């Protein structure tokens with residue numbers, strides 16, 4: 055898990071450059087509260103304290119990464135209680151949680167603090183004044199995310215704000231756009247994700263399935279006419295990249311087999327596009343992942359690994375043993 | 007020599023092999039200790055009944071125990087001596103087991119054996135010689151060799167596979183046998199071919215033993231004829247390359263189904279050391295009472311490949327090799343992947359002991375285990391395509407009897423899953439518990 059945290063670190067550092075130093079503070083609050091809540095939960099439940107496994111640290115980072123950079127500093131604390139205590143330890147502790155804790159934390163904050171969670175967007179800094187947060191000059195500066203513009207004013211609104219697609223693809227990919235703390239830089243997320251694949255911590259199946267489904271369905275359904283959507287904008291906006299590489303690939307809440315991973319990823323992608331286009335929120339990957347998480351056991355039931363013994367023998371065994 | 011490197015497709019792991027500790031060590035006969043403890047049940051099934059009484063004098067190679075029912079094999083005195091007691095000895099798995107204690111008569115000269123021509127003997131006569139010599143498979147289960155060489159009626163055997171993979175880390179006993187006695191191993195293979203009435207023999211050796219591959223190849227060329235076509239197959243270094251089903255798949259491409267026997271697929275597998283023992287039984291008329299054992303690990307003063315008499319106590323071996331080191335943390339009988347840790351050194355070598363490992367703290371894992379995080383590495387590593395993770399979680403939830411769908415009974419306990427588990431979960435132990443719960447339920 056510490057490797058995953060290390061892969062998320064460049065993304066965090068970039069967010070400081072793009073949005074200012076408060077992203078670092080929000081992430082620190084989130085990580086510390088997740089670790090403290092984990093220790094207290096395990097102590098209260100008389101379980102072995104496992105904060106050194108890095109899992110709570112990763113949850114804390116991901117929780118901060120999916121909230122806007124202009125929220126009050128204390129906000130992640132409430133998210134951490136939801137994510138770690140209710141989402142993880144009340145459900146049995148690591149390995150037994152049904153839902154991704156960070157996603158559960160974000161959904162809880164969306165429900166309880168909808169204004170902060172949907173308006174505290176900041177424009178990328180242009181003057182490099184990353185410490186302006188400390189002098190209190192942030193108030194009143196907000197910006198609209200590409201997805202917000204897309205769902206409220208269509209492609210035209212996006213172009214008005216950010217220029218022609220050919221121009222903003224590159225800036226978005228590098229991370230200079232309004233958005234949640236750790237979701238904006240497609241480049242750094244991609245590099246971190248590729249490293250995790252290279253080290254065999256994750257496989258390519260889930261990210262590829264998520265991103266290709268989002269791109270394909272947005273292309274077909276996401277424009278003013280059929281096949282008029284912008285697939286590249288779709289994966290470079292919102293939390294698509296972060297979700298595909300770092301959240302939908304969570305071991306505990308996603309299936310293990312390659313085929314099950316492809317289905318899981320395609321489901322996440324499809325639900326994301328459905329929520330983006332038809333739902334009330336501009337971004338949907340948060341709920342898409344939460345909706346796919348509980349399907350994990352069924353996906354594993356349907357796609358068991360191929361046994362050395364061969365399928366015929368297994369059927370006979372199942373029949374004669376009469377379990378289930 | 008065949009240049010292509012063969013392997014099995016699904017699962018497997020690449021642990022550090024630690025074979026350099028003993029790979030260069032010539033097999034060294036260990037002086038017989040003052041007494042031996044001969045466990046009566048060294049094979050699968052009903053143990054031997056003793057045919058000697060207290061104070062009886064026995065000669066080297068004389069019968070000590072016999073079985074009248076089941077598929078067991080007789081037990082012989084490894085040296086001349088006097089029966090000092092009929093009692094119980096410590097046993098690595100069964101805790102304690104009936105045994106014959108033999109006080110060694112050091113004045114007696116070791117017996118010498120003359121080679122004789124076996125080519126005129128019928129398959130049944132050859133098989134009977136192997137039976138009477140008391141040979142069991144080296145593998146660990148103690149399956150009698152003559153039973154394995156009696157394929158079930160109706161099965162059409164076409165290939166003998168000799169197992170020289172020796173895929174467990176540390177182990178080099180088979181490796182040394184192939185380097186030092188390739189002629190006897192190959193002649194043993196020819197004896198087996200003649201028993202089975204077939205001509206095809208494939209020898210699988212992992213390619214971390216190029217010297218063994220070279221020695222065996224040149225010997226195979228020498229002894230190959232129209233009646234015995236012996237070919238060496240180079241195998242990729244991957245654990246568990248030497249597991250029976252994986253080996254068969256690697257060298258023949260055939261896949262042995264769950265409850266199927268190799269014989270159903272036309273194959274019989276024997277270990278290279280068993281082949282040499284068969285040579286000794288048939289050509290020399292020498293019973294199976296001594297064997298090569300790898301003594302290794304950083305916890306023993308002098309690692310070695312020892313030729314020891316069956317019944318030698320581990321503590322006598324330790325004394326012979328200069329004692330254990332201070333860092334010794336665990337003693338394992340068998341390989342590090344599938345062997346058993348033992349709590350005493352007063353434990354005798356049996357016909358199935360392949361090695362004794364003296365492991366230090368940095369060679370073993372003593373971390374506490376934690377919850378399954380469902381990373382799926384065990385599923386990927388399992389050569390049988392099972393789901394060790396699920397079996398473990400079910401056993402923890404007292405649901406071990408509901409794990410058939412994950413393949414519990416197909417597990418042969420190679421330990422790949424536990425090796426790769428980042429949560430250090432004792433998956434093999436979980437699976438053993440699930441197996442025993444399933445067996446109990448099947449028994450009603």
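Residue numbers (our numbering), protein chains in the order written: chain A, 55 to 378; chain B, 7 to 450.
Glycine is no exception: its CB is placed at the ideal position from the N, C-alpha and C atoms.
Bear in mind the structure is a predicted one, so any value in this text is a computation, not a measurement.
Asked, Found
"Between the stretch 39-48 of chain B and the stretch 309-328 of chain B, are three or more C-beta pairs nearer than 8 Å?", "yes"
"Checking 9 Å against the spacing of the C-beta atoms, do residue 141 of chain B and residue 198 of chain B come in under that value?", "no"
"Might you give, ordered along the chain, the residues of its own chain that have their beta carbon closer than 8 Å to the beta carbon of residue 255 of chain A, omitting 5 neighbours on each side?", "57, 58"
"Do the stretch 112-132 of chain B and the stretch 227-244 of chain B touch if we need at least three Cβ pairs shorter than 8 Å?", "no"
"If distances are taken between C-alpha atoms only, which option among A/151, A/75, A/140 comes closest to residue 185 of chain A?", "A/75"
"Show which residues of chain B have a CB atom less than 7 Å away from the CB atom of residue 148 of chain A.", "377, 379"
"Under 9 Å, Cβ to Cβ, is there at least one residue of chain A near residue 169 of chain B?", "no"
"Alpha carbon to alpha carbon, how far is residue 361 of chain A from residue 242 of chain A? Give it in angstroms, no decimals.", "38 Å"
"For residue 61 of chain B, return the contacting residues in chain A, with the cut-off set at a CB-CB distance below 9 Å.", "Here the premise fails: no neighbours, minimum Cβ distance about 53 Å."
"Using a 10 Å radius around the Cβ and a threshold of 16 neighbouring Cβ atoms, would you call residue 128 of chain A buried or exposed?", "exposed"
"Is it buried or exposed for residue 330 of chain A, if we count other Cβ within 10 angstroms and need 16 for buried?", "buried"
"Taking only three categories from DSSP, how would you classify residue 294 of chain B?", "coil"
"Listed from N- to C-terminal order along the chain, which residues in the stretch 384-414 of chain B have their beta-carbon within a distance smaller than 9 Å of any beta-carbon of chain A?", "385, 386, 388, 389, 390, 391, 392, 393, 395, 396, 399, 407, 408, 409, 410, 411, 412, 413"
"Give the straight-line distance between the Cα atoms of residue 448 of chain B and residue 386 of chain B, rounded to the nearest whole angstrom.", "29 Å"
"If we call anything under 9 Å between Cβ atoms a contact, is residue 324 of chain B one with residue 348 of chain B?", "no"
"CB-CB under 7 Å to residue 137 of chain A, same chain, minus the five flanking residues each way: which ones, in chain order?", "88, 113, 117, 155, 156, 158, 159"
"Determine whether the beta carbon atoms of residue 235 of chain A and residue 140 of chain A lie at a separation below 9 Å.", "no"
"Please return the same chain residues whose Cβ sits closer than 8 Å to the Cβ of residue 374 of chain A, not counting the five positions on each side in sequence.", "Because the pLDDT of residue 374 of chain A is 42, which lies under 50, any placement of that residue in the model is unreliable, and the number read from its coordinates should be weighed accordingly. Nothing meets the Cβ criterion."
"Count the other C-beta atoms from every protein chain shown that fall within 10 angstroms of the C-beta of residue 56 of chain B, then say buried if there are 16 or more, exposed otherwise.", "buried"
"Within a Cβ cutoff of 7 Å, which residues of the same chain sit near residue 93 of chain B, ignoring the five residues on either side of it in sequence?", "105, 107"
"Which chain A residues sit within Cβ distance under 9 Å of residue 441 of chain B?", "Near residue 441 of chain B there are no residues of chain A at all, since even the closest Cβ is about 13 Å away, more than 9 Å."
"If we ignore side chains and look at the alpha-carbon of each, how far apart do residue 168 of chain B and residue 318 of chain A end up?", "45 Å"
"Can you find the residues in the same chain that come closer than 7 Å, C-beta to C-beta, to residue 61 of chain A, ignoring five residues on each side of it along the sequence?", "246, 249, 250"
"If residue 364 of chain B sits next to residue 99 of chain B, beta carbons under 8 Å apart, how far is it from one beta carbon to the other, in whole angstroms?", "Residue 364 of chain B to residue 99 of chain B, Cβ: 19 Å. No contact."
"Counting only beta-carbon atoms, is residue 265 of chain B nearer than 9 Å to chain A?", "yes"
"Just reading off the beta strand (DSSP E) that residue 140 of chain B is part of, what are its end residues?", "Counting along the chain, residue 140 of chain B falls outside any beta strand (DSSP E), and DSSP gives it neither H nor E."
"Just verifying my parser: in three-state terms, what is the DSSP assignment at residue 46 of chain B?", "coil"
"Jot down the residue ranges of each uninterrupted beta strand (DSSP E) in the stretch 46-105 of chain B, minimum 3 residues, whole runs only, in chain order.", "69-72, 87-97"
"Please state whether the Cβ-Cβ distance between residue 165 of chain A and residue 124 of chain A is less than 9 Å.", "no"
"Against chain B, which members of the stretch 303-324 of chain A pass a CB distance test of less than 8 Å?", "305, 306, 310, 311"
"Taking Cβ-Cβ distances shorter than 8 Å, what residues in chain A pair up with residue 382 of chain B?", "305, 310, 311"
"So with CB distances below 8 Å, who are the chain B contacts of residue 360 of chain A?", "16, 391"
"Use the C-beta contact count for residue 356 of chain A: other C-beta atoms within 10 angstroms, 16 or more gives buried, fewer gives exposed.", "exposed"
"How many Å lie between residue 221 of chain A and residue 239 of chain A at the Cα?", "16 Å"
"Checking contacts by CB at 9 Å: is residue 69 of chain A closer than that to chain B?", "no"
"Give the secondary structure of residue 372 of chain A by DSSP, where H, G and I count as helix, E and B as strand, and everything else as coil.", "For residue 372 of chain A, the predicted model reports a pLDDT of 46, less than 50, meaning its position is unreliable; a value from the coordinates is still stated below. If DSSP states are grouped into helix, strand and coil, residue 372 of chain A belongs with the helices."
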